[in-house]
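One structure is given here, and the rest of the page talks about it.
Residue numbers (this note's numbering): 868 to 1284.
Structure below.
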């Protein structure tokens, strides 16, 4: 067998991801009309991809391992809807396979791609097997044989696409999840050839005008790093410091401390934040947490034992939920699902020692489950089928009980006829 010496670079990876975004930009409306992945799956997958590609615009990292990790982090945090969660997990597996690599051989990339398929399969319930998983398994098998044959990456992707096309003959062609998998692979292949439209170009061309469901990708930019530190300077101007820190953060809290000020913020540019902060005084107790990975949710001065968190699709529902006793409201609807990052950010508010997250739509379930995976035992879930079930569950909440006991009682109440 002739040795294949092809090398996949960080630039190649950027083009592949941008190609996938471009493909969804062209196909999202058609995907929205398909069944099998909840409400508006095309819009949710496009917004997830938008979040995934935005970090590539400014990063100076050109290693394939570093870029894949950044994309995975942003995709996991920005994932929306069932389809978006599955795609984000594919990026997560891909980044695991490319971890620590500056460049990758075709074989290494092909194996990492198979790893991504495995992660995507894990997030979806095994039975009944969904079409997206049927296609994913066929794609993984096609890629496996191409990798074993030591083929170039374009031929590996082509083999995966052909295997996916063959599997589409055996499943419902109208399934959104299966179509998303196929579009993703096609976009990656086109991206390698330089055939794509980047998010920045799509905005400059005004493609968002007149297209329902097309989101400005800049609005889906995520800030997945939680940074905490103390500035040892009692003379710090707190309002001025907050203003400076908010330039690169979605959330910034600065509180007076006996030896200075304590800072808690969420950012996508850790280096820029620290660079700003060192000018305000000596730094101490610096902690950086990647919130897209499993982590311990610290209770820093929590005001409550346990808080209720729910999703509201408008101001009327938000007011009703607050009057019913819900403490934290996240914006979202079936047409515009809350992202994993929005749920995680809400739980990082330091309001309570623990949270019960309650969902009223099946479209939210995978996002809630991913938030639970990231936040661990301080978060419990109550997954309802509709708003009526959610209302019954909220009535069963007892602020004197812990999150686990509340979740159990609330889930039981929601299922009572």
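A virtual CB, placed ideally from N, CA and C, is assigned to each residue, including glycine.
Since this is a predicted model, take the numbers as computed values, not measurements.
The residue among 880, 882, 944 and 1268 with its C-alpha nearest the C-alpha of residue 1240 is 944. Taking 8 Å as the cut-off, the beta carbon of residue 875 is found closer than this to the beta carbon of residue 1020. The beta carbons of residue 1173 and residue 1249 sit about 12 Å from each other, so the pair does not count as a contact at 8 Å.
Beta-carbon to beta-carbon, residue 972 and residue 890 are separated by about 25 Å, too far to satisfy the 8 Å threshold. Residue 888 carries a helical assignment under DSSP once its states are collapsed to helix, strand and coil.
Counting along the chain, the unbroken alpha helix (DSSP H) around residue 1034 starts and ends at 1020 to 1035. Counting only runs of 4 or more residues that sit fully inside the segment 1080 to 1154, the alpha helix (DSSP H) segments are 1105 to 1112 and 1137 to 1144, in chain order. Uninterrupted alpha helix (DSSP H) stretches at least 4 residues long and entirely within the segment 915 to 951 occur at 931 to 945, given in chain order. Exclusion of the five residues before and after residue 941 leaves 918, 919, 922 and 1089 as the residues of its chain whose Cβ lies within less than 6 Å of its Cβ. Residue 1058 places its beta carbon 8 Å or farther from that of residue 1228. Of the residues 894, 892 and 928, the one whose Cα lies closest to the Cα of residue 880 is 928. In this model, residue 896 and residue 1163 are separated by some 39 Å (Cα to Cα).
Looking at the DSSP output, residue 874 bridges to 972. By the neighbour-count criterion, in which a residue is buried when 16 or more other Cβ atoms sit within 10 angstroms of its Cβ, residue 997 is buried. Secondary structure of residue 1218 (DSSP, three-state): coil. Assigned with DSSP and collapsed to three states, residue 1170 falls in coil, not helix or strand. Put simply, the backbone Cα of residue 1279 is about 8 Å away from that of residue 1260. When secondary structure is reduced to three states using DSSP, residue 1056 falls in the helix class. For residue 1280, DSSP assigns no beta-bridge partner whatsoever.
The alpha-carbon of residue 1122 is positioned some 38 Å away from that of residue 1202. Residue 976 and residue 965 have their C-alpha atoms spaced approximately 7 Å apart.
Listed in chain order, the non-local C-beta contacts of residue 957 below 7 Å within the same chain comprise 983, 984, 986 and 987, local neighbours out to five positions each way being set aside.
Counting along the chain, residue 1233 sits inside the alpha helix (DSSP H) bounded by residues 1232 to 1242.
The alpha carbon of residue 1032 has as its nearest neighbour, out of 1010, 1002 and 1013, the alpha carbon of 1002. Residues 961, 964 and 965 of the same chain have their beta carbon placed closer than 6 Å to that of residue 979, with the five preceding and five following residues left out of the count.
For residue 899, the number of other beta carbons within 10 angstroms of its own is at least 16, and it is reported as buried. Residue 1193 sits in coil when the DSSP states are folded into three classes, being neither helix nor strand.
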